[in-house]
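Numbering (our numbering), first residue to last: 88 to 514. What follows is one structure encoded as structure tokens, with my remarks underneath.
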């Protein structure tokens with residue numbers, strides 16, 4: 088038989104149900120307060136963490152804004168030298184290498200004209216002939232005077248020889264006492280007169296011959312010939328026209344020009360004299376021949392600047408063997424500078440004002456300074472700098488007028504790595 092286990096009886100006095108309920112009511116507020124406190128701590132802790140992050144982000148953004156406002160951001164450019172030599176193009180005129188008007192040096196009627204405009208002629212070629220019969224008659228008359236003077240000369244010589252013989256006889260008679268001293272003096276004087284007469288007659292003959300040669304040369308002027316090979320560019324008279332001699336103001340009979348080599352005449356401004364030197368090859372641009380290049384060479388300069396125009400007359404030899412070009416044409420000459428091309432900067436990097444042209448140079452420490460410059464030619468988007476820059480500077484692009492010397496900037500763009508940007512606060 089199993090022995091049933093009896094519950095143990097406590098020797099303590101059993102608790103009263105009312106007392107247990109009062110204890111439960113007393114413990115409940117304490118537990119609630121603890122729970123609320125723990126929840127509040129969690130909520131506070133959960134709220135403080137994002138608020139602190141927000142404060143840090145706001146502080147950093149505020150710093151960046153202050154830095155952005157205090158330190159302007161700029162783009163910079165550098166001066167450059169032209170990759171190609173700088174060219175100078177000037178207007179010029181084409182002239183013949185040789186050109187001459189041909190006047191008639193003898194008057195008369197134009198007998199014949201053998202050439203027309205555009206004809207090629209050689210040196211010494213007959214171009215025209217003038218008819219002047221009175222010149223032939225004058226020549227015949229002068230030749231007759233030469234014959235007469237020659238005869239007079241011969242007579243004077245014969246008389247001189249006779250006077251010499253008479254003097255010798257008188258001297259012989261005088262030694263024998265058969266002639267007086269007076270007779271001897273008379274014979275001596277007669278010989279002197281005869282000798283002088285011979286000299287005069289000889290001079291007359293010489294003068295008459297010279298006159299003949301002058302007339303012959305004058306008659307030769309009736310033949311108008313080409314002084315050098317070239318092209319007839321003008322002819323103003325036809326056969327039968329009355330021609331007066333040179334010096335009367337009449338127009339020339341012809342105009343001849345040598346066009347196998349043309350002469351380009353250009354006036355170079357004083358500011359560009361460094362672009363010109365003797366022996367320099369230049370390019371001739373002719374608008375009527377697009378796409379074709381003509382090459383010439385500087386042959387000579389005036390070596391003196393015209394004080395009225397401040398230009399230097401320069402002549403360029405231009406071969407024209409095929410006679411493509413014509414004298415009198417308008418052309419352009421393109422000089423290439425032999426010197427190093429000047430510095431150029433973008434036009435939007437230059438500040439102009441009462442103090443002249445200036446640029447803003449950014450130093451390695453990120454501070455700017457106003458640098459005066461001397462400007463040259465305006466090339467449109469670029470401006471030549473004649474002085475004030477070395478070429479390794481960094482210039483502010485589109486600078487504002489409010490920048491002062493020493494102002495700090497932050498460089499952005501391709502050249503930013505050459506700058507030392509302003510330090511940022513990492514706290």
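Note that beta-carbon positions come from the ideal geometry of N, C-alpha and C, so glycine has one too.
When 295, 282, 422 are compared, the shortest CA-CA separation from residue 359 is found for 422.
For residue 209, there is no enclosing beta strand (DSSP E), as DSSP marks it with neither H nor E. For residue 279, there is no enclosing beta strand (DSSP E); the residue is found in the alpha helix (DSSP H) stretching over 268-307.
Looking at the backbone, the Cα of residue 417 and that of residue 498 are separated by about 52 Å. The C-beta of residue 331 has fewer than 16 other C-beta atoms within 10 Å across all chains shown, which makes the residue exposed. Residue 468 and residue 389 have their C-alpha atoms some 36 Å from each other. Per DSSP, residue 356 is one residue of the beta strand (DSSP E) stretching across 341-356. A direct Cα-to-Cα measurement between residue 376 and residue 350 gives close to 18 Å. With 16 or more neighbouring CB atoms inside 10 Å of its own CB, residue 342 falls in the buried class.
Just so you know, the alpha carbons of residue 380 and residue 415 end up roughly 19 Å apart. Here DSSP, grouped into helix, strand and coil, assigns residue 243 to helix. Annotated three-state conformation of residue 224 is helix, per DSSP.
Burial of residue 486 is indicated by the presence of at least 16 other C-beta atoms within 10 angstroms of its C-beta.
Take the alpha-carbon of residue 473 and the one of residue 458: they are about 13 Å apart. Residue state for residue 444 is assigned as strand, using DSSP reduced to three classes. In this structure, residue 200 sits away from residue 208, with a CB-CB distance that is not shorter than 8 Å. For residue 400, the beta-bridge partners assigned by DSSP are 354. Scanning 356, 364, 405 for the CA closest to the CA of residue 370 turns up 405. By the Cβ test, the region 243-258 is in contact with the region 284-303, since at least three Cβ pairs between them sit closer than 8 Å. Closest in alpha carbon position to residue 234, among 352, 291, 266, is 291.
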